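J.: Here it is: the structure, laid out below.
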Amino acid sequence: MHATIIAPLPQKLTMSFLLLLAFLSSLLLLLYTIMTIRKMKKKKSPSSTIPNWPLFGMLPSLLWNLPRLHEFVTDILKLNGGTFVFKGPSFTNLNFILTSDPINVHHIVTNNFSNYPKGPELKAIMAPFGDVLFNSDGDSWKTKKEIVLSLIKTAGFERLLMTTLRYKLADSLIPVLDHAAARNHHDDVVLDLQDVMKRFMFDLTCLLFLGIDPECLSTSFPRVPCAEAFDVLEEAIVYRHCVPKWVWKLQRWFHVGWEGRTIEAEECLNGFVEERIRVKMVEKQGKESSVNDDDDDDDNYDFLMKLIVETERLTGTCYSSKFVRDIVVSSMVAGRDTIAVALSWFFWLVATNPGVEDKILEELDRVVITQTGEKEVIFSSTEELNKMVYLHGAINETLRLYPSVPYEPKQSLKDDVLPSGHIVGRNARVLVSIYSMGRMEDVWGKDWMEFRPERWVAARFEGNDICNNDNKKINIIHVPSYKFAAFMAGPRSCSGRKIAYTQMKTIISCVLRMYKIDVVGDHPVVPLPSIMMFMRHGLKVRISSRTPVSTTTNVVNSILPVDSVE
200 MHATIIAPLP QKLTMSFLLL LAFLSSLLLL LYTIMTIRKM KKKKSPSSTI
250 PNWPLFGMLP SLLWNLPRLH EFVTDILKLN GGTFVFKGPS FTNLNFILTS
300 DPINVHHIVT NNFSNYPKGP ELKAIMAPFG DVLFNSDGDS WKTKKEIVLS
350 LIKTAGFERL LMTTLRYKLA DSLIPVLDHA AARNHHDDVV LDLQDVMKRF
400 MFDLTCLLFL GIDPECLSTS FPRVPCAEAF DVLEEAIVYR HCVPKWVWKL
450 QRWFHVGWEG RTIEAEECLN GFVEERIRVK MVEKQGKESS VNDDDDDDDN
500 YDFLMKLIVE TERLTGTCYS SKFVRDIVVS SMVAGRDTIA VALSWFFWLV
550 ATNPGVEDKI LEELDRVVIT QTGEKEVIFS STEELNKMVY LHGAINETLR
600 LYPSVPYEPK QSLKDDVLPS GHIVGRNARV LVSIYSMGRM EDVWGKDWME
650 FRPERWVAAR FEGNDICNND NKKINIIHVP SYKFAAFMAG PRSCSGRKIA
700 YTQMKTIISC VLRMYKIDVV GDHPVVPLPS IMMFMRHGLK VRISSRTPVS
750 TTTNVVNSIL PVDSVE
């Protein structure tokens, strides 16, 4: 019996066959792409599903809609009942579950909290900021949070906060706004109010947590490297979210691209913070006996000094420079960006809703008259700031529509099933869209698009008119944190919520009473696709004074809280 021998194909024929196969595959992929795009263009409303491309997954649609990322995510979630499974490119770990469903959110951040830590993926992405509070897990997170709470929930820190805030308002923010208002009498001066707020809050947080004023905000608008380093690091984190891990790791290895800039920014920020820690340690060693647990209420509350002491007390070991540095940077990120973002959106919303502005000013005038009978002192203590109920509602409404942090990332430890029925696998990435949560009709009603502070206020408003009955009980309507998640919910809810409201109310009441803010007519105001809800093009405004510029200093001295002034 003879064996049949099959001759091999000629080499040229083999190459031709492979080229033909590659051509046909490319042609089919191209045809599929064209047909999908044409189908998407024909639809008047967005599809309930994103095209899942071969190899590339849903990433092309995400990148195509990146300029309007938050709105795109919201559209998809609304069309899919509040939860959607995003498929990333093949051979990458970019799959995740998106949700804005309050029941799912409650399950993730509260009921099954232990199964949804931040996770190692986020820790790697956020590494440029260090092992900070908002990406720590387990014992590290618990220890950091305990230390922070022990420091900020004291009368001494409250006094430090109000004293420092008063100083920076009078020393930098008011002079800058005065300068712009005065120049507006002769020239057409346009100010980027978002940049002003970022600079102001950076100076304030540095003074609070490091005891140093970098003087980032002045009429000359100087370049401050450590402040710019924050912006670079935030941009790098967005970049890391959008590319495979091996890409940015390779760039970091060669010190090129975004990662090259990131390394320089890390060195700048670390040098700035660690130098202050070294100085404080030398100071501590020189006066050990003067630092104790009984001076929380003194007039010289030193956050950084007490942080070092508290770290040693709670950990039972000598302080770690890196541990202290991580807590300081956590506080600076939370203090600078979240407040600056919220204030920027607030002033834009109020400037474009004059009826709301009138009600805030009317409330401010009424509180003044109630307290003193004449318009000299607005607040005498931080407690009285809480009587600004309509202002509080306007801040909440701002945070509902434009939360400072638009997304809350999680990673599951083990398999789970969400209340919506969606299956969550082990190590799955879950993304809570806080931005989308504030835009759900079934939670906020058909008028969810409207900026309406009245939705937050109980027993004070009738229709669109403010009641003059000051004896009536005034309350802010409570909305569960798993529905209004601007400060997140569960064990990881924001520790500085009260501080944030105090700062925002004080700054807003000062600025609105003294200045009229007009947004430049053709200026586009859209969110930046970032980890913070910054405005892509800033907030270009014109400032005019409500009071004569020469009397501004007296107004500053009269309208700020005076409980910390000797």
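Quick note: the sequence shown, position 514, residue 713 per the numbering used here, numbers continuous. No residue lacks a Cβ here, since even glycine has one placed at the ideal position from N, Cα and C. This structure is a prediction, so every number in the text was calculated from the model and none was measured.
1) Taking only three categories from DSSP, how would you classify D669?
2) Do M361 and D536 have their C-beta atoms closer together than 8 Å?
3) Throw me the rounded Cβ distance for the V528 and V331 pair, which I believe falls under 8 Å.
4) Rounding to the nearest angstrom, what Cα-Cα distance links K397 and A539 in this structure?
5) Roughly how many angstroms lie between the CA atoms of D557 and S708, to the nearest whole one?
6) Can you tell me where the alpha helix (DSSP H) with S529 in it begins and where it stops?
7) Buried or exposed, going by whether 16 or more other CB atoms sit within 10 Å of the CB of K739?
8) Which residues in the same chain as S743 place their Cβ atom closer than 8 Å to its Cβ, once the five residues preceding and following it in sequence are excluded?
9) Is it right to say R451 is buried, meaning 16 or more other beta carbons lie within 10 angstroms of its own, or is it exposed?
10) Is D402 helix, strand or coil when you go by DSSP?
11) Terminal residues of the continuous beta strand (DSSP E) containing F295?
12) Output the distance between the C-alpha atoms of I706 and L368, rounded to the nearest integer angstrom.
13) Starting from L630, follow the beta strand (DSSP E) in both directions and report where the run begins and ends.
14) Which residue wins for smallest C-alpha separation from G287, given the options R651, L542, G256, Y366?
15) Tell me whether V431 is buried or exposed, calling it buried when 16 or more other Cβ atoms sit within 10 Å of its Cβ.
16) Go to E320, then tell me how far its alpha helix (DSSP H) extends in each direction, as first and last residue.
17) Would a C-beta distance cut-off of 8 Å place Q393 and F650 closer than the cut-off?
18) When the Cα of V629 is compared with those of D615, R638, L372, which residue comes out closest?
19) Looking at the strands, I want to know which residues DSSP matches up with P608.
20) Alpha carbon to alpha carbon, how far is C415 from I346?
21) Using the rule of at least 16 other Cβ atoms within 10 Å of the residue's Cβ for burial, across every protein chain shown, is E725 buried or exposed?
22) CA-CA distance, R638 and R477?
23) Suppose you measure from the CA of P618 to the CA of V532; what does that come to, to the nearest Å?
24) According to DSSP, what are the bridge partners of T282?
25) Helix, strand or coil for G695 per DSSP?
26) Below 8 Å on the Cβ atoms is my guess for L278 versus S635; work out the distance and round it to an integer in Å.
27) Give me the Cβ distance between S729 and V437, rounded to the nearest whole Å; I'm assuming they're in contact under 8 Å.
28) Determine the direct distance from the alpha carbon of K352 to that of S579, and round the result to whole angstroms.
29) Take D336 and list the residues in its own chain whose beta-carbon comes closer than 8 Å to its own, dropping the five residues that flank it on each side.
30) Spatial neighbours of P690 within its chain, please: CB distance less than 6 Å, with the 5 preceding and 5 following residues excluded, ordered by chain position.
31) Applying the 10 Å Cβ sphere with the 16-neighbour rule, what's the burial state of V588?
32) Please classify L258: does DSSP put it in a helix, a strand, or coil?
33) Quick one: Cα of E473 to Cα of T298, how far?
34) Can you look up P327 in the DSSP assignment and give me helix, strand or coil?
35) Between N314 and I249, what straight-line distance do the alpha-carbon atoms span, to the nearest angstrom?
36) Report all residues from its chain with a CB closer than 8 Å to the CB of R745; omit the five preceding and five following residues, and keep chain order.
T.: Put simply:
1) Because the pLDDT at D669 is just 48, under 50, the model does not fix this residue reliably, and the value given afterwards should be weighed accordingly. Coil, per DSSP.
2) no
3) 6 Å
4) 5 Å
5) 13 Å
6) 520 to 532
7) buried
8) A380, N383, Y714, K715, D717
9) buried
10) helix
11) 295 to 298
12) 8 Å
13) 628 to 632
14) G256
15) buried
16) 318 to 324
17) no
18) D615
19) L630
20) 28 Å
21) The sequence as given places Val at residue 725; Glu does not occur at that position. Exposed is the call here.
22) 47 Å
23) 33 Å
24) T298
25) coil
26) Not really, about 11 Å apart at Cβ, beyond 8 Å.
27) 5 Å
28) Confidence is the limiting factor: at S579 the pLDDT is only 44, short of 50, which leaves the residue's position unreliable, though a coordinate-based value still follows. Cα-Cα distance, rounded: 20 Å.
29) P316, K317, G318, K322
30) F312
31) buried
32) helix
33) 39 Å
34) helix
35) 28 Å
36) R712, M713, Y714, K715
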